[in-house]
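> Quick note on our numbering: the sequence shown kicks off at 9 and runs consecutively. Can you read through this structure? Questions will come right after.
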Amino acid sequence: MSLTKLITPKAFVELLQKETSRRVVPVDSTWYLPNVNRSGKQEFLNQERIPHAVFFDIDSVKDANSPYPHMVPNLATFNKSMSELGLQRSDVLVVYDRIGNFSAPRCAWTLALFGHPSVYLLNNYNLYKRAGYSLDTTKRTAYSEFPRTDYKSDVDLIKEKVVSYEDMLQLVQHGELAQHFNVYDARPLGRFDGSVPEPRPGLSSGHIMGVQPLPFKELLEPESGAFPQSPEDMKCKLNEVMAKLKVSYNPQLPTIVMCGTGVSACIILTALELAGIRDVKLYDGSWTEWVMRSDPSLVIKGRE
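Structure representation (structure tokens):
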């Protein structure tokens with residue numbers, strides 16, 4: 009089952025005009041890596057945004073008891089956060105980030121993980137802005153203009169869609185990870201092979217044995233950061249990148265994706281699903297959790 013549906017800027021604007029029975033709500037989920045020293049949350053209030061957007065903060069809608077960034081929240085936390093944004097189960101949510109397709113896939117994945125009925129990923133903000141569609145440039149004082157609601161979902165797909173550290177560790181220690189799963193890491197090649205440092209101070213770069221590199225930027229259009237729109241084009245792009253990187257895919261195996269903290273992994277998760285690959289799971293703790301919890305001997309440098 010694919011969790012993500014793309015929508016072009018043109019189709020989004022048409023949806024806004026045609027939909028009369030439900031609210032169509034843009035969801036800004038802009039987030040930056042910590043070494044960039046920018047705040048998507050503050051920029052939402054002070055800079056441009058799609059009109060009537062709410063801000064979904066992946067730094068706060070998470071498991072607050074975990075020491076690792078962006079770990080998926082429980083259902084109660086998700087419902088509370090959606091209520092605070094004034095969202096309703098009937099809303100059509102169109103997710104974007106102002107980078108292009110960086111953190112928005114993670115937000116869209118989270119919304120679908122907890123069963124929001126209608127979620128689209130805008131493909132993408134750069135193309136929306138380039139087309140001259142409406143923007144709100146007034147300063148805001150709140151992350152939503154809607155009154156609080158009582159949002160209630162009873163859908164929780166964590167067990168089906170999320171892989172734990174314990175699951176990964178057992179597979180790696182038994183040398184069975186690559187035997188049972190296709191596993192791809194969305195980080196840049198330098199961080200994957202250990203030649204470039206991680207953006208988080210004190211963390212070693214490298215990768216997990218049995219994991220293959222699939223840098224997320226390779227799967228997006230270089231100028232806009234958009235996904236190829238059609239499944240055929242996405243599959244072609246994916247095949248080209250895998251061939252270039254000498255990365256393999258076994259259609260008989262399920263797939264796991266990871267990255268630094270579980271954000272950009274959702275970019276390649278989206279790309280894989282758009283290309284027709286099903287049964288894709290996320291190792292949510294990703295490289296940050298792996299380095300912080302596992303023995304240093306389980307950090308691999310170079311390419312296997």
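Every residue gets a Cβ at the ideal spot worked out from N, C-alpha and C, and that includes glycine.
Cα-Cα, which of Pro223, Val271, Thr12, Gly268 is closest to Glu248?
Counting from 1 along the sequence shown, the entry for residue 248 is found at position 240. Selected option, being the one with the closest Cα: Pro223.
> Taking the alpha-carbon positions, what's the Arg138 to Gly108 distance?
Along the sequence shown, read from residue 1 onward, the residue named residue 138 stands at position 130. Along the sequence shown, read from residue 1 onward, the residue named residue 108 stands at position 100. One C-alpha to the other measures close to 12 Å.
> I'd like to know whether the C-beta atoms of Thr263 and Asn190 end up nearer to each other than 8 Å.
Here residue 263 refers to the residue found at position 255 of the sequence shown. Here residue 190 refers to the residue found at position 182 of the sequence shown. Cβ atoms of Thr263 and Asn190: closer than 8 Å.
> Let me know the alpha helix (DSSP H) ranges lying completely inside the stretch 164 to 225, each 4 residues or longer, listed in chain order.
If we require 4 residues or more, the alpha helix (DSSP H) runs fully inside the stretch 164 to 225 come out as 166 to 169, 173 to 181, 185 to 188, 197 to 201.
> Under 8 Å between the Cβ atoms of Ser212 and Val299?
Along the sequence shown, read from residue 1 onward, the residue named residue 212 stands at position 204. Along the sequence shown, read from residue 1 onward, the residue named residue 299 stands at position 291. Yes; because the gap between Cβ atoms is below 8 Å, this pair is in contact.
> Below 8 Å on the Cβ atoms is my guess for Asp71 versus Asn82; work out the distance and round it to an integer in Å.
Position 63 of the sequence shown holds residue 71. Position 74 of the sequence shown holds residue 82. With a Cβ gap of about 7 Å, Asp71 and Asn82 count as contacting.
> Let me know if His78 comes out buried or exposed under the rule of 16 or more other beta-carbons within 10 Å of its beta-carbon.
Position 70 of the sequence shown, counted from the first residue, corresponds to residue 78. It counts as buried.
> Rounded to a whole number of angstroms, what is the C-alpha to C-alpha distance between Lys254 and Tyr291?
As a position in the sequence shown, residue 254 is number 246, starting the count at 1. As a position in the sequence shown, residue 291 is number 283, starting the count at 1. Each residue's Cα considered, the two are about 22 Å apart.
> May I ask you to report which of helix, strand or coil DSSP gives Pro304?
Numbered from 1 along the sequence shown, position 296 holds the residue referred to as residue 304. Three-state result, Pro304: helix.
> Look up Phe20 in the DSSP assignment and say whether it is helix, strand or coil.
Here residue 20 corresponds to residue number 12 of the sequence shown, with the count starting at 1. In this structure, Phe20 counts as helix in the three-state DSSP scheme.
> Specify the secondary structure class of Arg106 as computed by DSSP and reduced to three states.
Taking the sequence shown and counting its residues from 1, one reaches residue 106 at position 98. Reduced to three states, the DSSP call for Arg106 is coil.
> Would you kindly work out how many angstroms separate the C-alpha atoms of Tyr159 and Met90, rounded to a whole number?
As a first step, residue 159 is located in the sequence shown; it is residue number 151 there, counting from the start. As a first step, residue 90 is located in the sequence shown; it is residue number 82 there, counting from the start. Taking the straight line joining both Cα atoms gives about 6 Å.
> Which residue comes first and which comes last in the beta strand (DSSP E) that contains Pro42?
For the purposes of this step, residue 42 is taken as the residue at position 34 of the sequence shown. That residue, Pro42, is in no beta strand (DSSP E); it is neither H nor E in DSSP.
> Using beta-carbon positions only, say whether His315 and Leu261 come within less than 8 Å of one another.
Here the chain covers residues 9 to 312 and nothing more, so residue 315 does not appear.
> Which ranges would you report for the beta strand (DSSP E) in the stretch 55 to 141 if only whole runs of at least 3 residues count?
Counting only runs of 3 or more, we get 100 to 104, 127 to 130.
> Out of Cys244, Thr146, His215, Asn54, which one is the CA nearest neighbour of Ala283?
Position 275 of the sequence shown, counting from 1, holds the residue named residue 283. The shortest Cα separation from Ala283 among Cys244, Thr146, His215, Asn54 belongs to Cys244.
> Pull up the distance between the alpha-carbon of Val127 and that of Gln178, whole angstroms please.
Walking along the sequence shown from the start, residue 127 turns up at place 119. Walking along the sequence shown from the start, residue 178 turns up at place 170. Cα to Cα, the separation comes out at about 34 Å.
> For Ala279, which residues from the same chain have a beta carbon less than 7 Å from its beta carbon, with the 5 sequence-adjacent residues on both sides left out?
Position 271 of the sequence shown, counting from 1, holds the residue named residue 279. These residues qualify, in order along the chain: Leu227, Phe235, Met242, Leu246.
> As a quick exercise: from Gln25, Asp144, Met250, pick the residue whose alpha carbon is nearest that of Glu51.
The sequence position of residue 51 within the sequence shown is 43, counting from 1. With distances taken between Cα atoms, Glu51 lies closest to Asp144.
> Would you list the residues sitting across from Ile264 in a DSSP beta bridge?
To locate residue 264, count along the sequence shown from 1; it is residue 256. For Ile264, which the question treats as bridged, DSSP gives the partners Val191, Lys289.
> With DSSP collapsed to three states, give me the class of Leu253.
Here residue 253 is taken as the residue at index 245 of the sequence shown, counted from 1. Residue state, collapsed to three classes: helix.
> Less than 8 Å separating the beta-carbons of Cys267 and Arg195?
Within the sequence shown, the letter at position 259 stands for residue 267. Within the sequence shown, the letter at position 187 stands for residue 195. For Cys267 and Arg195, yes; Cβs fall inside 8 Å.
> Rounded to whole angstroms, how far is the Cβ of Val103 from the Cβ of Leu130, which I believe are closer than 8 Å?
Counting from one through the sequence shown, the residue named residue 103 turns up at place 95. Counting from one through the sequence shown, the residue named residue 130 turns up at place 122. Contact flag correct, Cβ pair sits at about 6 Å.
> Does DSSP classify Asp36 as helix, strand or coil?
One-based indexing of the sequence shown puts residue 36 at position 28. Here Asp36 sits in strand by DSSP.
> Is the separation between the beta-carbon of Val62 and that of Val80 shorter than 8 Å?
If you number the sequence shown from 1, residue 62 lands on position 54. If you number the sequence shown from 1, residue 80 lands on position 72. No, the pair does not count as a contact, with Cβ atoms beyond the cut-off.
> Helix, strand or coil for Leu228, going by three-state DSSP, please let me know.
The sequence position of residue 228 within the sequence shown is 220, counting from 1. Here Leu228 sits in coil by DSSP.
> Would you grab the beta carbon distance between Thr316 and Trp117 for me? Rounded to a whole angstrom, and I think it's under 8 Å.
There is simply no residue 316 to check, as the chain begins at 9 and stops at 312 in what is shown.
> Return the residue from the list His124, Arg31, Ser142, Val69 that minimises the CA-CA distance to Ile58.
Working through the sequence shown from its first residue, we reach residue 58 at position 50. It is Ser142 whose Cα lies nearest to the Cα of Ile58.
> Given this structure, state the Cα-to-Cα distance separating Met250 from Ser256, to the nearest angstrom.
Here the question's residue 250 lines up with position 242 in the sequence shown. Here the question's residue 256 lines up with position 248 in the sequence shown. Between Met250 and Ser256, the C-alpha separation is close to 7 Å.
> Over the uninterrupted alpha helix (DSSP H) stretch that includes Leu143, give me the two end residues.
Taking the first residue of the sequence shown as 1, we reach residue 143 at position 135. Note, Leu143: premise wrong, no alpha helix (DSSP H); not H, not E.
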